[in-house]
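>
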Amino acid sequence: MKAIITTAYGSPEIFKVDNVAKPTAKPNEILVRIHASSVTKADTMMRTGKPYIGRLMIGLTKPKNPIWGTGFAGVIESVGSEVTKFKTGDKVFGENIDTMGTYAEYVTVPENGILAPLPENLSFEEAAGICDGGITSLNFLINLGNIKAGQKVLINGASGALGTAAVQIARHFGAEVTGVCSTTNLSLAKELGANHVIDYTKHDFTSNTNTYDLIYDTVGVRSFRECRDALTEKGVYASPVLGMPLLSDMMVTSVFGKKKAKFSATGALPAKETKRLLQILLNIIEAGKIRGILDRSYPLEQLAEAHEYVDKGHKKGNVVLKPVA
62 MKAIITTAYG SPEIFKVDNV AKPTAKPNEI LVRIHASSVT KADTMMRTGK
112 PYIGRLMIGL TKPKNPIWGT GFAGVIESVG SEVTKFKTGD KVFGENIDTM
162 GTYAEYVTVP ENGILAPLPE NLSFEEAAGI CDGGITSLNF LINLGNIKAG
212 QKVLINGASG ALGTAAVQIA RHFGAEVTGV CSTTNLSLAK ELGANHVIDY
262 TKHDFTSNTN TYDLIYDTVG VRSFRECRDA LTEKGVYASP VLGMPLLSDM
312 MVTSVFGKKK AKFSATGALP AKETKRLLQI LLNIIEAGKI RGILDRSYPL
362 EQLAEAHEYV DKGHKKGNVV LKPVA
């Protein structure tokens, strides 16, 4: 099968197309022919090997797994002898977090992994990207932000993969949502349900008189200290982008003050919790309350171009690979 091999950290040029052995499903696994796989901001950060602390999980001097990629959607080609929940021909989607391998034509996934039947109201391309943004945003909104109906929630980066999911999820839970994005993406944020939008090229939300119960900075470009005055008395600032300033603010606010800075590595959550979040996401999808936003799709061989595009920081929703024409 065709796959993209990664042997080092660096620019998108590190990716090489190769023909490798097609994987075989173990007794507890399924073999999926991938119709679409996601290319995320987390992928591009991982490619650079920075922050260096991340290498403790993915490899100190070079990647432990030669084939990267986690989000996928496709059709089951075969099942292991112990598999009971799925059968050949089923359409599925999910996240293969532990072993990755979705930058390829086929991937094997444990039956008890982050895996679900493909909802009828999602295409393969929409489903491939929705897991990362959906599960991560559910983790931040529910577990860190304790989201409730009537809360005022600000989503910074409302037009990206995390942001488009977060706007829809926050509205589903009854929050009053403010989306922050660029001029060209304001209409998208409104379309997805944002009650208010702020053009960050013209206005600084931290300087407004409005305050928020939760500020979810999906892109990690504003610090807790910058956002502190824009939080309510017991407001929470949360971001999936960890750096020393956020780490320091988390330590300080865990002891002092009512306003809190928070971070969570969603990919490192216990499998049971990730599956719980996936089920919540699935329920929201099937209820028609969230849809996948597809910006661009690339052939598998153009993974480097996909990474270059994501690196620019201007994507709307998700970028996917399509190994199957």
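Here the sequence shown stands for residues 62 to 386, numbered as in the working numbering. Where a beta carbon is used, it is the ideal one built from N, C-alpha and C, also for glycine.
To the nearest whole angstrom, what separates the beta carbons of A219 and V241, a pair I think is in contact under 8 Å?
6 Å between Cβ atoms; contact.
> Determine the contact status of E156 and D193, defining contact as a CB-CB distance below 8 Å.
Yes, the Cβ-Cβ distance between E156 and D193 is below 8 Å.
> Rounded to whole angstroms, what is the Cα-Cα separation between P112 and A329?
16 Å
> Could you tell me the alpha carbon to alpha carbon distance between T245 and S139, rounded to whole angstroms?
When only Cα atoms are considered, T245 and S139 end up about 44 Å apart.
> Straight-line CA distance for K125 to N80?
19 Å
> Could you give the distance in angstroms between the alpha-carbon of L183 and the alpha-carbon of A177?
12 Å
> May I ask you to verify whether the region 293-308 touches the region 246-257, counting CB pairs closer than 8 Å and requiring at least 3?
no
> According to DSSP, is H375 part of a helix, a strand, or is it coil?
coil
> With hydrogens ignored, establish whether the beta-carbon of T169 is closer than 7 Å to any heavy atom of the ligand ZN.
Annotation note on the ligand ZN: not contained in the displayed structure, which lists no ligands.
> Spell out the partners DSSP gives S184 in its beta bridges.
Beta-bridge pairing links S184 to no other residue.
> Give the straight-line distance between the Cα atoms of V316 and F76, rounded to the nearest whole angstrom.
Going from the Cα of V316 to the Cα of F76 covers about 44 Å.
> Going by the beta-carbon positions, is the gap between F185 and G132 smaller than 8 Å?
Contact flag unset, no.
> From L342, G130 and M107, pick the residue whose C-alpha is nearest to that of L121; which is it?
M107
> Counting pairs of Cβ atoms below 8 Å between the region 196-210 and the region 334-342, do you hit three or more?
yes
> Straight-line CA distance for K213 to Y273?
Going by the C-alpha atoms only, they are around 5 Å apart.
> Could you check where the alpha helix (DSSP H) with R337 kicks off and where it finishes?
A332 to E347
> Decide if D278 is buried, meaning its Cβ has at least 16 other Cβ atoms within 10 Å, or exposed.
buried
> Looking at C-alpha atoms only, which residue of I276, L92 and L361 is the closest neighbour of N217?
The option with the nearest alpha carbon to N217 is I276.
> Since L308 is in the alpha helix (DSSP H), which residue starts that stretch and which ends it?
M305 to T314
> Can you list, in chain order, the stretches of the alpha helix (DSSP H) that have 4 or more residues and sit fully within the region 246-274?
Runs of the alpha helix (DSSP H) spanning 4 or more residues and lying entirely within the region 246-274 occur at 247-252, in chain order.
> Can you name the start and end residues of the beta strand (DSSP E) that T239 belongs to?
E237 to C242
> Beta carbon of L342, beta carbon of E187: below 8 Å?
Cβ atoms of L342 and E187: not closer than 8 Å.
> Look up R94 in the DSSP assignment and give the residues it is bridged to.
V136 and Y167
> Considering only C-alpha positions, which residue in the set K102, E287 and Q363 is nearest to V371?
K102
> Apart from the five residues just before and just after G281, which ones in its own chain have a Cβ nearer than 6 Å to its Cβ?
Within the same chain, G281 has close Cβ partners S300 and V302.
> Would you mind working out which of P88, A210, L361 and E166 sits nearest T145, comparing C-alpha positions?
P88
> Candidates V100, S99 and K83: which alpha carbon is nearest L92's?
K83
> Can you tell which of P180, E181, G141 and L179 has its C-alpha closest to the C-alpha of V170?
G141
> Does the beta-carbon distance from A365 to E74 come in below 8 Å?
yes
> Are there 16 or more other CB atoms within 10 angstroms of the CB of H368, so buried, or fewer, so exposed?
Counting Cβ neighbours within 10 Å, H368 comes out buried, since at least 16 surround it.
> As a quick exercise: from Y164, G195 and T267, pick the residue whose alpha carbon is nearest that of I230.
G195
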